[in-house]
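Quick note, our numbering runs 427 ahead of the 1-based positions in the sequence shown. Everything below concerns the one structure shown next.
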Amino acid sequence: MKNKKLWFRAKRYGWGWYPVTWQGWLVTSILIIFITYIAIVFLTKGKLIEYFVSLIVAMAILMYICYKTGEKPRWRWGK
428 MKNKKLWFRA KRYGWGWYPV TWQGWLVTSI LIIFITYIAI VFLTKGKLIE
478 YFVSLIVAMA ILMYICYKTG EKPRWRWGK
């Protein structure tokens, strides 16, 4: 990972990432737009199960992208 530019940095406390490059922000923005879209499509039709399945799949894809393009995950307690 030393030669690659990281799209996501690890949080200082806890477990997770946040975007630091335009690529990371683009992926995050696309996820927000997709979640809004599936909420409008599925929740207005009363398809709660389909909404949650789509939401879980979208979050799994985001976590995979963060794992591949960000720092390695681990629990952090600050510096």
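Note that beta-carbon positions come from the ideal geometry of N, C-alpha and C, so glycine has one too.
Contact set for residue i: own chain, Cβ-Cβ below 8 Å, skip 5 residues either direction
| i | result |
| --- | --- |
| Ala437 | Gly443, Trp444, Gly497, Glu498, Lys499, Pro500, Arg501 and Arg503 |
| Tyr478 | Ile465, Ala466, Phe469 and Leu470 |
Supposed contact pair residue j and residue i - C-beta distance, whole angstroms, cut 8 Å
| i | j | result |
| --- | --- | --- |
| Val454 | Leu489 | 7 Å |
| Ala485 | Phe461 | 6 Å |
Those residues which DSSP pairs with residue i across a bridge
| i | result |
| --- | --- |
| Tyr491 | Tyr491 pairs with nothing; no bridge assigned. |
| Phe435 | Pro446 and Gly497 |
| Trp504 | Tyr440 |
Assigned secondary structure, residue i (DSSP; H/G/I helix, E/B strand, else coil)
| i | result |
| --- | --- |
| Gly443 | coil |
| Trp452 | helix |
| Met428 | In this predicted model, Met428 has a pLDDT of only 47, less than 50, meaning its place in the structure is not dependable; the value taken from the coordinates is given anyway. DSSP places Met428 in coil when its eight states are reduced to three. |
| Thr471 | coil |
Beta-carbon contacts of residue i that lie in its chain and below 6 Å, excluding the five residues immediately before and after
| i | result |
| --- | --- |
| Ser481 | Ile465 |
| Ile492 | Val454 |
Proximal residues to residue i (C-beta, below 7 Å), its chain only, five neighbours per side dropped
| i | result |
| --- | --- |
| Tyr440 | Arg503, Trp504 and Gly505 |
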